[in-house]
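Asks: Chains as they are written, first to last, in this note's numbering: chain A, 1 to 192; chain F, 1001 to 1192. The beta carbon of each residue, even a glycine, is placed where N, CA and C say it ideally should be. Please read all numbers here as calculations on a predicted model, not as lab measurements.
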DNA sequence: TTGTACCTAACAAACGTTAGGTTTGCTTCT
DNA sequence: AGAAGCAAACCTAACGTTTGTTAGGTACAA
């Protein structure tokens, strides 16, 4: 079945959780090591520095998001379908991997300049994918939007925000939330 | 005109800025003192601890938000007007005081249990105000929303998110952005 | 003279990081 | 098969620095 998780992967996983709990500067490597089942110093056998752990975490997540969203969009034809797919994906990805996505959305300020640029570049690529959908919707289906970039950001923020309050044991499923959010974006609050 | 700012207020202001820059655990009191024009230890003449600075910051901000939003809503009559007013206010408040609002939205995890509860209580009061508007819109104007709480959160997240990218020197004013966001919430993307 | 506002210097603890040693499992040679 | 070699994975103990916080003092205005 699934391979046994490598220690390196385990450290990254625990780091995501710990960084979300305490923030990057508030998390310490001894605690991270403990949760990963090794001693403090042994972290450095797998990573060169604390900073590298953060960078790998964020860089991996961004790559994964771009790849997975692109895959999903292949099956969608119209801009309308693509928009709904994107809303679904973005919410689902944030809710299922809340640690990774929280770090990636929120710890940019703690990246050293070089790492910062690389992660931001990937984030911009991801945004661009959604922006293109908005643009296509405008030209092909007459969507009512002046600034595609503006609404791209609105979509990203509101969908990412779901992860901060969503409760798997609550009375709404991810799909139901995604449906509701997609409806809001498409049709708005006012009656038609 | 405006009174000379008290040292205490200055420290809070600089703390908001510093905490946003580095995160609460990443910010240190000597740097905060330096920016406030005093020596490290002197912070403790004004505050009992680093934690108290964070709490005062967040608590003040939440109180201010509740008060100011309530004031603004007095002039609005219909749920429709109230919704637009809320969108305007929430965006404007986040864009004009990005340090305070960022901390308040983001540093909950670093509050000690007692402080946490008090700030969350105020945050919930703020949310409740918006939720009531959603509910009124549904019953009085037939808005299309199943879960008012759901859309309240969507509104809050997407409007707060503006502060992360808004540029006062860019080619859109706060008002223009607010207009666009309010339109999106009311009417959605699809043509009518 | 009394209290507010601040400074200086130090404390103990916690931090990221490093050096050097030990264990473990695999490969290679005889 | 068994010994020898080796690199990866990990441990232990320590380093220098930074951290929040405190104690005790000074300057000054009411």
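So for residue 240 of chain A, helix, strand or coil by DSSP?
Replies: Missing from the structure shown is residue 240 of chain A; chain A here goes from 1 to 192 and no further.
Asks: Comparing C-alpha positions only, which one of A/47, A/121, A/38 and A/162 sits nearest to residue 174 of chain A?
Replies: Of the candidates A/47, A/121, A/38 and A/162, the one whose C-alpha sits nearest the C-alpha of residue 174 of chain A is A/162.
Asks: Could you tell me whether the segment 61-76 of chain A touches the segment 134-147 of chain A, using the rule of 3 or more Cβ pairs below 8 Å?
Replies: no
Asks: Find the residues of chain F that neighbour residue 109 of chain A, judging by a C-beta separation of less than 9 Å, and give them in chain order.
Replies: 1020, 1021, 1022, 1023 and 1026
Asks: Evaluate contact between the segment 87-104 of chain A and the segment 174-189 of chain A, counting only Cβ atoms and requiring at least three cross-stretch pairs below 8 Å.
Replies: yes
Asks: Would you be able to state if there are at least three C-beta pairs under 8 Å between the segment 1033-1042 of chain F and the segment 1111-1123 of chain F?
Replies: When C-beta atoms of the segment 1111-1123 of chain F are compared with those of the segment 1033-1042 of chain F, fewer than three pairs fall below 8 Å, so the two segments do not count as touching.
Asks: Are the beta-carbon atoms of residue 127 of chain A and residue 149 of chain A separated by less than 9 Å?
Replies: yes
Asks: Which residues of the segment 154-168 of chain A have a Cβ closer than 9 Å to any Cβ of chain F? Give them in chain order.
Replies: The segment 154-168 of chain A vs chain F, Cβ under 9 Å: 154, 155, 156, 157, 158, 159, 160, 161, 162, 164 and 165.
Asks: Quick check on residue 1093 of chain F - is its C-beta less than 9 Å from some C-beta in chain A?
Replies: no
Asks: May I ask you to list, following chain order, the residues of the segment 95-128 of chain A that have a beta carbon less than 9 Å from some beta carbon of chain F?
Replies: 106, 107, 109 and 110
Asks: Please decide whether residue 172 of chain A counts as near chain F, where near means a Cβ-Cβ distance under 9 Å.
Replies: yes
Asks: Buried or exposed for residue 1167 of chain F, going by 16 or more other Cβ atoms inside 10 Å?
Replies: exposed
Asks: Given that a residue counts as buried once 16 or more other Cβ atoms are within 10 Å of its Cβ, and exposed if not, what is residue 104 of chain A?
Replies: buried
Asks: Sort F/1009, F/1054 and F/1008 by Cα distance to residue 1026 of chain F and report the nearest one.
Replies: F/1054
Asks: Which runs of the alpha helix (DSSP H) spanning at least 4 residues fall entirely within the segment 85-164 of chain A, listed in chain order?
Replies: 98-106 and 113-141
Asks: Which first and last residues belong to the alpha helix (DSSP H) in which residue 61 of chain A is found?
Replies: 50-73
Asks: Identify whether residue 1044 of chain F lies in helix, strand or coil by the three-state DSSP scheme.
Replies: helix
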